[in-house]
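Visitor: Take a look at this one; I'll ask things after.
Numbering (mature numbering (1 follows the signal peptide of the UniProt record, and there is no 0)), first residue to last: -20 to -1, 1 to 492.
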């Protein structure tokens, strides 16, 4: 058995070795407890009760997604294992429901992870402490690191900037992606349990069971609504040598690598949350089984298939073969008539759910309780320390099928989760604010890019490639679950993210 430090802790060492070394706080022990939670899906006719076992050093706080979805809209959670079964909201595995304690001193304790957090980015020592969360509270990543190191708050002086896996523990998928909402924030739901402040109107809106943290969308003249990115210690360099920082965006529910230089001579800035206590959180403890077909993470209590869905192939899908003009006789977006074998383990989101059930029927690796992981489970095995030179996963333990990316280069795949990345279209039509509910608010599934998170180079900035690693291996993005007939040969979104539809699957189950 071999324990590896989380990648972003490695990044923090690079930043701090000249100042403080890389030692954890004296009180970094996690607290163990057994929690029973009863979860009732708002869209399900059944109630699922799950009891979490005593957790290790890396207890995964639940995503909190409550609704099930088909390829476009919310649906009643299915009991039919052949029809959209096994989604995040169905809580098939053990669940550690998010739980927070407001300490009344501008700090919040996460009762699942044991981490103590600063409550607001507007606090004295981090922001400008003027009572409003605005872009004036943002810092460069270097200044964010220093601010946390120097912070004295609630009688503690051992604060630090979190790594990407630690900060992601707060992600809450009750949130809605505000991609269609323009500048209206009234009905938006962030991806964090928080009290939401609107500095332009003074409005306050609570979201989540605890409304634990203080949050604001980007609402100033020089920002977009989604400009609510938070800093971490996790660094990345893409193939072009661009320095990036992996940040969590609690406005749109994503992890991306952000270019550190926003404009020539101008650093990009971020909101800041500092942490203390259990600073070793997010350290995996992988162990191969005797037959080396599964990997148990003793820190999270999860068992993973060592192989992914491409295990029958020496090389995976060639994404240059995607045809955006028409589907073939089998409904596949590939250049030539083909069968499923040509997909080489890549599949749609619905097929990924079905794949888990098919493997259960076959008692894959001797077990019949595999599932498609939630996005937070999937992210727990992401390895950031060497993701800029290979797959964002520990290849000493996991096999990752090599694929051919849009540039024709060998790369590693995107992997589906069971979590839907819902948009604010779910509340369109509330008081007729937006003029009617959209018909596709559940059409995106969340995934982790274990290879380069490419975007189309629309301005020709790269001398060599049409596609550039815009967000980094280890990014968490989302994508439509099925083709809508549009041409995505040039990507989608503000950075022209590569659209693939067909991703890979790594199955998970609760370790016994």
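For every residue, glycine included, the Cβ atom is placed at its ideal position computed from N, Cα and C.
Please identify the residue among 464, 288, 393 whose C-alpha is closest to the C-alpha of residue 274.
Guide: Counted from its first residue, the chain shown places residue 274 at position 294. Of the candidates 464, 288, 393, the one whose C-alpha sits nearest the C-alpha of residue 274 is 288.
Visitor: Select from 174, 154, 129, 95 the residue whose C-alpha is nearest the C-alpha of residue 146.
Guide: Position 166 of the chain shown holds residue 146. Selected option, being the one with the closest Cα: 95.
Visitor: Which of helix, strand or coil does DSSP assign to residue 404?
Guide: Stepping through the chain shown from its first residue, residue 404 is reached at position 424. Reduced to three states, the DSSP call for residue 404 is helix.
Visitor: In whole angstroms, what is the alpha-carbon distance linking residue 387 and residue 178?
Guide: Counting from 1 along the chain shown, the entry for residue 387 is found at position 407. Counting from 1 along the chain shown, the entry for residue 178 is found at position 198. Whole-angstrom Cα-Cα distance: 42 Å.
Visitor: Between 489, 254, 55, which has its C-alpha nearest residue 282's C-alpha?
Guide: Translated into the one-based positions of the chain shown, residue 282 becomes position 302. Out of 489, 254, 55, 489 has the C-alpha closest to the C-alpha of residue 282.
Visitor: Among residues of its own chain, excluding the 5 on either side of residue 438, which ones have a beta-carbon nearer than 6 Å to its beta-carbon?
Guide: As a first step, residue 438 is located in the chain shown; it is residue number 458 there, counting from the start. These residues qualify, in order along the chain: 476.
Visitor: Let's test the definition: count the other Cβ atoms within 10 Å of the Cβ of residue 481 and tell me whether it reaches 16, buried, or not, exposed.
Guide: To locate residue 481, count along the chain shown from 1; it is residue 501. It is buried - the Cβ of residue 481 has at least 16 other Cβ atoms within 10 Å.
Visitor: By a C-beta neighbour count over all protein chains shown, 10 Å radius and 16 as the cutoff for buried, is residue 135 buried or exposed?
Guide: Taking the chain shown and counting its residues from 1, one reaches residue 135 at position 155. That one is exposed.
Visitor: In the structure shown, what three-state DSSP assignment does residue 197 receive?
Guide: To locate residue 197, count along the chain shown from 1; it is residue 217. Residue 197 falls in the coil class under three-state DSSP.
Visitor: Applying the 10 Å Cβ sphere with the 16-neighbour rule, what's the burial state of residue 258?
Guide: Position 278 of the chain shown, counted from the first residue, corresponds to residue 258. The residue in question, residue 258, is buried, as its Cβ has 16 or more Cβ neighbours within 10 Å.
Visitor: Do residue 425 and residue 237 have their C-beta atoms within less than 7 Å of each other?
Guide: The residue given as residue 425 occupies position 445 in the chain shown. The residue given as residue 237 occupies position 257 in the chain shown. Cβ distance not < 7 Å, so residue 425 and residue 237 don't count as in contact.
Visitor: With a 10 Å radius around its C-beta and 16 neighbouring C-beta atoms as the bar for buried, classify residue 83 as buried or exposed.
Guide: As a first step, residue 83 must be located in the chain shown, where it is residue number 103. The residue in question, residue 83, is exposed, as its Cβ has fewer than 16 Cβ neighbours within 10 Å.
Visitor: Smallest Cα separation from residue 503: which of 173, 336, 169, 166?
Guide: The structure shown does not extend to residue 503, since the chain is modelled only from -20 through 492, so no value can be given for it.
Visitor: Could you tell me the distance, in whole angstroms, from the CA atom of residue 484 to the CA atom of residue 368?
Guide: Position 504 of the chain shown, counted from the first residue, corresponds to residue 484. Position 388 of the chain shown, counted from the first residue, corresponds to residue 368. Distance between the alpha carbons of residue 484 and residue 368 is about 20 Å.
Visitor: Work out the CA separation of residue 353 and residue 266 for me, nearest whole Å.
Guide: Numbered from 1 along the chain shown, position 286 holds the residue referred to as residue 266. Numbered from 1 along the chain shown, position 373 holds the residue referred to as residue 353. Each residue's alpha carbon lies about 17 Å from the other.
Visitor: Nearest to residue 463 by alpha carbon, out of 67, 329, 78?
Guide: In the chain shown, the residue the question calls residue 463 occupies position 483. Out of 67, 329, 78, 329 has the C-alpha closest to the C-alpha of residue 463.
Visitor: So, helix, strand or coil for residue 82, using DSSP?
Guide: The count along the chain shown starts at 1 and reaches residue 82 at position 102. Note: residue 82 maps to strand in three-state DSSP.
Visitor: Could you check what DSSP says for residue 317 in three-state terms: helix, strand or coil?
Guide: Stepping through the chain shown from its first residue, residue 317 is reached at position 337. Here the model assigns residue 317 a pLDDT of 42, short of 50, so the residue's position is not dependable, and the following value carries that caveat. Looking at residue 317 - three-state DSSP - the assignment turns out to be coil, as it is neither helix nor strand.
Visitor: Counting C-beta neighbours from all protein chains within 10 Å, is the total for residue 246 16 or more, i.e. buried, or is it exposed?
Guide: Here residue 246 refers to the residue found at position 266 of the chain shown. Flag for residue 246 reads exposed.
Visitor: Distance, Cα to Cα, residue 190 vs residue 46?
Guide: Counted from its first residue, the chain shown places residue 190 at position 210. Counted from its first residue, the chain shown places residue 46 at position 66. When rounded, the distance between both Cα atoms is 16 Å.
Visitor: How would you call residue 169, buried or exposed, if buried means at least 16 neighbouring beta carbons within 10 angstroms?
Guide: Walking along the chain shown from the start, residue 169 turns up at place 189. Under this definition residue 169 is a buried residue.
Visitor: Considering only the alpha carbon of each residue, which of 192, 73, 124 lies closest to residue 88?
Guide: One-based indexing of the chain shown puts residue 88 at position 108. Considering only alpha carbons, the answer is 192.
Visitor: Does any residue of chain E bring its CB to less than 7 Å from the CB of residue 255?
Guide: Although the question refers to chain E, the structure presented lacks it and comprises just one protein chain.
Visitor: Leaving out the 5 sequence neighbours to the left and right, which residues in its chain are closer than 6 Å to residue 116 when beta-carbon positions are compared?
Guide: For the purposes of this step, residue 116 is identified with residue 136 of the chain shown, where counting begins at 1. Only 108 meet the Cβ criterion.
Visitor: Taking only heavy atoms of the ligand FAD into account, decide whether any of them is closer than 6 Å to the Cβ of residue 358.
Guide: The ligand FAD is not part of this structure, which contains no ligands at all.
Visitor: Write down the C-beta distance between residue 272 and residue 256 rounded to the nearest angstrom, noting that I regard them as a contact closer than 8 Å.
Guide: The sequence position of residue 272 within the chain shown is 292, counting from 1. The sequence position of residue 256 within the chain shown is 276, counting from 1. Actually they are not in contact, since the Cβ atoms of residue 272 and residue 256 sit about 38 Å apart, beyond 8 Å.
Visitor: Buried or exposed: where does residue 346 fall if 16 or more other Cβ atoms within 10 Å of its Cβ makes it buried?
Guide: Residue 346 sits at position 366 when you count from the first residue of the chain shown. Result: exposed.
Visitor: Quick one: residues in its chain with C-beta nearer than 6 Å to the C-beta of residue 392, no 5 flanking neighbours on either side, listed in chain order?
Guide: As a first step, residue 392 is located in the chain shown; it is residue number 412 there, counting from the start. 371, 380, 430, 431.
Visitor: Between the Cα of residue 93 and the Cα atoms of 261, 333, 284, 361, which residue gives the shortest distance?
Guide: Working through the chain shown from its first residue, we reach residue 93 at position 113. The option with the nearest alpha carbon to residue 93 is 261.
Visitor: Cβ atoms of residue 446 and residue 158: under 7 Å apart, would you say?
Guide: Mapped onto the chain shown, residue 158 falls at position 178. Mapped onto the chain shown, residue 446 falls at position 466. Result no, Cβ atoms of residue 158 and residue 446 do not sit closer than 7 Å.
Visitor: Residues in the same chain with beta-carbon distance under 7 Å from residue 401, minus the five sequence neighbours each way, listed in chain order, please.
Guide: If you number the chain shown from 1, residue 401 lands on position 421. Excluding residues within five positions, the ones whose Cβ falls inside 7 Å are 157, 233, 424, 425, 426, 458.
Visitor: Thinking just about the alpha-carbon of each residue, which of 206, 382, 436, 124 is nearest to the one in residue 325?
Guide: What you label residue 325 is simply residue 345 of the chain shown in a count that begins at 1. The residue with the shortest Cα to Cα distance from residue 325 is 382.
Visitor: Once DSSP output is grouped into helix, strand and coil, what is the label at residue 104?
Guide: The sequence position of residue 104 within the chain shown is 124, counting from 1. If DSSP states are grouped into helix, strand and coil, residue 104 belongs with the strands.
Visitor: When we look at the beta-carbon of residue 450 and count the other beta-carbons within 10 Å, is it buried (16 or more) or exposed?
Guide: As a working note, residue 450 is residue 470 in the chain shown. Counting Cβ neighbours within 10 Å, residue 450 comes out buried, since at least 16 surround it.
Visitor: So, with DSSP's three-state summary, where would you put residue 229?
Guide: For this step, residue 229 is matched to residue 249 along the chain shown. Reduced to three states, the DSSP call for residue 229 is strand.
Visitor: Give me, in chain order, the residues of the same chain whose beta-carbon lies closer than 6 Å to that of residue -1; leave out the 5 immediate sequence neighbours on both sides.
Guide: In the chain shown, counting from the first residue as 1, residue -1 sits at position 20. Any reading at residue -1 is ruled out, since the residue's pLDDT is 36, under 50, leaving its predicted position unreliable.
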